[in-house]
Amino acid sequence: MQTRYQLIRSLADGKFHSGEWLAQQLGLSRAAVWKQIKGLREQWEMEIHAVSGRGYRLAHPLELLQKERILALLSPEIRCTLGGLEIHDSIGSTSEHLMQQATAGAPNGQICLAERQTAGRGRRGRKWISPYGSNIYLSLLWQFPLAPIELSGVSLAAGLAVMRALKRLGVTEIGLKWPNDILWQERKLAGLLLEVTGESEGPSQVILGVGLNTCLPNQQGSRIDQPWVDLGSIPGGQQVGRNQLAAELIHQLINALECFEREKLVSLLDEWRQQDLYHNKTVALQMGSQTIVGKHVGIDKNGALLLSHAGEVKAYFAGEVSLRPSQGDGHANTID
Numbered sequence: 660m661q662t663r664y665q666l667i668r669s670l671a672d673g674k675f676h677s678g679e680w681l682a683q684q685l686g687l688s689r690a691a692v693w694k695q696i697k698g699l700r701e702q703w704e705m706e707i708h709a710v711s712g713r714g715y716r717l718a719h720p721l722e723l724l725q726k727e728r729i730l731a732l733l734s735p736e737i738r739c740t741l742g743g744l745e746i747h748d749s750i751g752s753t754s755e756h757l758m759q760q761a762t763a764g765a766p767n768g769q770i771c772l773a774e775r776q777t778a779g780r781g782r783r784g785r786k787w788i789s790p791y792g793s794n795i796y797l798s799l800l801w802q803f804p805l806a807p808i809e810l811s812g813v814s815l816a817a818g819l820a821v822m823r824a825l826k827r828l829g830v831t832e833i834g835l836k837w838p839n840d841i842l843w844q845e846r847k848l849a850g851l852l853l854e855v856t857g858e859s860e861g862p863s864q865v866i867l868g869v870g871l872n873t874c875l876p877n878q879q880g881s882r883i884d885q886p887w888v889d890l891g892s893i894p895g896g897q898q899v900g901r902n903q904l905a906a907e908l909i910h911q912l913i914n915a916l917e918c919f920e921r922e923k924l925v926s927l928l929d930e931w932r933q934q935d936l937y938h939n940k941t942v943a944l945q946m947g948s949q950t951i952v953g954k955h956v957g958i959d960k961n962g963a964l965l966l967s968h969a970g971e972v973k974a975y976f977a978g979e980v981s982l983r984p985s986q987g988d989g990h991a992n993t994i995d
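With the working numbering applied, the sequence shown corresponds to residues 660 to 995, in that order.
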């Protein structure tokens, strides 16, 4: 497997490299190089061009993650807060890995990044499509002195952190979908998954996973069951490097978690409302087989969605909000 990673690194610049040169770099025969290329195409679905007399190249250059570069982009204060930074070529799930690390006593602020996930997970049991070197797969371990019940709003704080990171890097026209998806023109750019454990009175532990599409090949994207977009397809996103993005995400997430520990969601409610794409719109709250249609009128201090329905406003913690076009009779097809 290390040979495969070395081959990708040799091709990452997106330029043509001859089979002879690659064979010399990897200590292989040219036939063995071809076998590795074939494996990347068929097993990892990487698009690699082969041209007689010129050699091989990736269809798109890859900016691979570099630990030293990410650390250099962080402020001294954030570097001091980190418990550690791991970058894996391939892993089942960054969050599952951190769960195991936490059980073994990993420190607060431990970060796990990966070039590829083989068992990445999204909300509601969905699989997170995770091709090599194409997106950001990041998980963060954070420990709170608070009880788990007090952390119901932490996912919203984390969603705002991802928004801040993207906007600081020049990405525009994005917004939030409750509880923690980042959308561009109703297409999903990023999502978060949080898992909370702890004693009933505290302390608690959060493993926060972020998946963000930077350059998602269409072949893999075709397996996603909802509208999606990547940074390379939207204004301001093409120039954002993966190392720069990883560093900014770490910076904003840590700041948001520290702020949440001090102030909960109270200080973030106005900012969330400004970024909420569906505020004051008719939405459908889906909970299993049940769908409730009403007006989304905000979130409360605990992160619950406030839905105006049948003359009253109720708070909901569970479910997923999806926008429904108004058809005058209360019935519509859900846009998830």
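The beta carbon of each residue, even a glycine, is placed where N, CA and C say it ideally should be.
Check	Outcome
Give the DSSP-derived three-state secondary structure of Thr740 in the structure shown.	helix
Under the three-state reduction of DSSP, which class applies to Arg921: helix, strand or coil?	helix
Using only CA atoms, which one of Asn939, Glu907, Leu927 lies nearest to Asn961?	Leu927
Out of Ser677, Gly895, His676, Gly850, point me to the one whose CA is closest to Arg827's CA.	Gly895
Check whether the segment 673-685 touches the segment 705-716, counting contact only when three or more Cβ pairs, one atom from each stretch, lie closer than 8 angstroms.	yes
Looking at the secondary structure, which residues open and close the beta strand (DSSP E) in which Ser711 lies?	Taken as a continuous stretch (DSSP letters only), Ser711 belongs to no beta strand (DSSP E), as it is neither H nor E.
For His719, name the three-state secondary structure that DSSP assigns.	coil
So Ala718 and Glu727 are in contact, right, with Cβ under 8 angstroms, and what is the actual spacing, rounded?	Incorrect: roughly 28 angstroms between the Cβ atoms, too far for contact.
Starting from Tyr664, trace the alpha helix (DSSP H) both ways and give me its first and last residue.	661-670
Which residue comes first and which comes last in the beta strand (DSSP E) that contains Asn866?	Here residue 866 is Ile; the residue named in the question, Asn, does not match the sequence. Where Ile866 is concerned, the enclosing beta strand (DSSP E) stretches over 863-872.
How would you label Phe976, buried or exposed, when you count the other beta carbons within 10 angstroms and need 16 or more for buried?	exposed
Could you give the DSSP three-state label for Trp801: helix, strand or coil?	strand
Apply the 10 Å Cβ neighbour rule to Gly686 and answer buried if 16 or more other Cβ atoms are within range, or exposed otherwise.	exposed
Could you give the distance in angstroms between the alpha-carbon of Leu672 and the alpha-carbon of Ser793?	For the sequence presented, residue 672 should be read as Asp rather than Leu. C-alpha separation (whole angstroms): 14 angstroms.
Report the rounded CA-to-CA distance for Ala906 versus Ala765, giving the unit in angstroms.	21 angstroms
Going straight from the alpha carbon of Ser669 to that of Cys874, what length do you get?	19 angstroms
Classify Ser985: buried if its beta carbon has 16 or more other beta carbons within 10 angstroms, exposed otherwise.	Because Ser985 sits at a pLDDT of 37, beneath the cut-off of 50, its placement in the model cannot be relied upon, and the following sentence gives the value as read from the coordinates. It is exposed - the Cβ of Ser985 has fewer than 16 other Cβ atoms within 10 Å.
Spell out a yes or no on whether the segment 822-838 and the segment 930-949 are touching, meaning 3 or more CB-CB pairs, one atom from each, closer than 8 angstroms.	yes
Does the pairing of the segment 841-855 with the segment 725-744 give three or more beta-carbon distances under 8 angstroms?	no
May I ask which residues mark the beginning and end of the beta strand (DSSP E) holding Lys674?	No beta strand (DSSP E) contains Lys674, which DSSP labels as neither H nor E.
In angstroms with no decimal places, state the Cα-to-Cα distance between Glu917 and Phe675.	46 angstroms
Mapping DSSP to helix, strand and coil, what is Asp995?	With a pLDDT of 38 at Asp995, under the threshold of 50, the predicted position of this residue should be treated as unreliable, though the coordinate-derived value follows. In this structure, Asp995 counts as coil in the three-state DSSP scheme.
Could you give the C-beta distance for Thr662 and Gln695, rounded to a whole number, given that I count them as a contact under 8 angstroms?	6 angstroms
With a Cβ-Cβ cutoff of 9 angstroms, do Trp887 and Arg846 count as a contact?	yes
Within 10 Å of its beta-carbon, does Ser789 have 16 or more other beta-carbons around it, so buried, or fewer, so exposed?	buried
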